[in-house]
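One structure is given here, and the rest of the page talks about it.
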């Protein structure tokens, strides 16, 4: 919990004392780089019956269409991360309406939190990681050029939910984000 | 996405090409250690109106009581991680009933997915990270010796939900865990 931020020397794979799995450990200072699953945050963004998609300008799956989504950064919340990704990839200002789905991709050690959101402003534009952005009606979605299976799953989940209300998970009590005096679990 | 698993030389903080934030980068091979938020998975485990708690045998907050919860490991799903933690910390076999809460601790770059679960077997025992485990009625919970605020929040969330049904988030379509041929988002 009181991890240092940086190994000082060469690191190697070994089982630290008291642990039961191999970790990356610095030979000089004993710093342990825990290689943990990564969180992807993103959203199905709707606007007047159409869906916001971004055509990827980067690998993997360059040229294919995806949702505005990406890896969470340090020191942000999941919802803030989804807002940031919509801005970075599509210059889109969005409002999150609720949680649509949680996908697990254990092969990639990835957990995806996908929100349903609405577009606040039609002025969208490709960010540095997108070649093109667009709003598509369901039938016009480029189904043959979708980047990842979870994009299909997310769109299907949104379609299934339809006019339903997405889940608003219980979250931190008011006033308890970012100013805790004790650690987490 | 096609990350190597190990830096070969000394690492330093720098902004990689095409990125907009400092990362840990190996000076020899260019390996980038993305320092991402960590996922904590855990559960409020109930058994005949009592709650399973574990007294911590490790820092931080050694000697204080917590839920069975901890960092997700690579190549597991969130629910599998919660089952593993219950086993490792309390030798408890549990069944997950649904998602109780999502807590964000941005100061620690932590996202906590807390499930509601029921105990399948009364045979519980402290694992290596617990000094003691116990089943407590609400009034007997050692409220003055709780390890972390999110333990209180989780117990409160469970109490508030009461006889309600916890959320079962939409998740991967059947047959689509761990055998995907394409990457995630």
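Protein chains in written order, with the working numbering: chain A, 1 to 185; chain B, 1 to 185.
Even glycine gets a Cβ: it sits at the ideal position worked out from N, Cα and C.
Residue 137 (chain B) is bridged by DSSP to B:50.
The three-state secondary structure of residue 56 (chain A), taken from DSSP, is strand. Proximity of chain B to residue 157 (chain A) at the Cβ level (cut-off 9 angstroms) is accounted for by 170, in chain order. Against residue 176 (chain A), the close residues of chain B are 149 and 153, in the order they occur along the chain (beta-carbon pairs closer than 8 angstroms). Under the 8 angstroms criterion on CB atoms, residue 163 (chain A) is classed as non-interfacial with respect to chain B. With 16 or more neighbouring CB atoms inside 10 Å of its own CB, residue 158 (chain A) falls in the buried class. Taking the Cβ atoms as the reference, residue 27 (chain A) lies roughly 5 angstroms from residue 10 (chain A), within the contact range of under 8 angstroms. Counting the other Cβ atoms within 10 Å of the Cβ of residue 19 (chain B) gives fewer than 16, which makes it exposed. Excluding five sequence positions before and after residue 70 (chain A), the CB atoms of its chain that fall closer than 6 angstroms to its own CB belong to 85, given in chain order. In the assembly as shown, residue 35 (chain B) is a buried residue. Its beta-carbon has 16 or more other beta-carbons within 10 Å. When secondary structure is reduced to three states using DSSP, residue 81 (chain B) falls in the helix class. Taking a 10 Å sphere around the C-beta of residue 65 (chain B), we find 16 or more other C-beta atoms and assign the residue as buried. With 16 or more other Cβ atoms from the protein chains shown falling within 10 Å of its own Cβ, residue 166 (chain B) counts as buried.
Nearest neighbour of residue 93 (chain B) by Cα position, chosen from B:83, B:102 and B:99, turns out to be B:83. Excluding its 5 nearest sequence neighbours in each direction, residue 49 (chain A) has C-beta neighbours in its own chain below 7 angstroms: 137, listed in chain order. Annotation: the continuous beta strand (DSSP E) that includes residue 14 (chain A) extends over 11-14. For residue 155 (chain B), there is no enclosing beta strand (DSSP E); the enclosing alpha helix (DSSP H) covers residues 149-161. Between the stretch 134-152 of chain B and the stretch 111-119 of chain A, the count of Cβ pairs shorter than 8 angstroms is below three; the stretches do not touch. When secondary structure is reduced to three states using DSSP, residue 168 (chain A) falls in the coil class, being assigned neither helix nor strand. Between the stretch 124-133 of chain A and the stretch 52-62 of chain A there are three or more inter-stretch CB-CB distances shorter than 8 angstroms, so the stretches are counted as touching.
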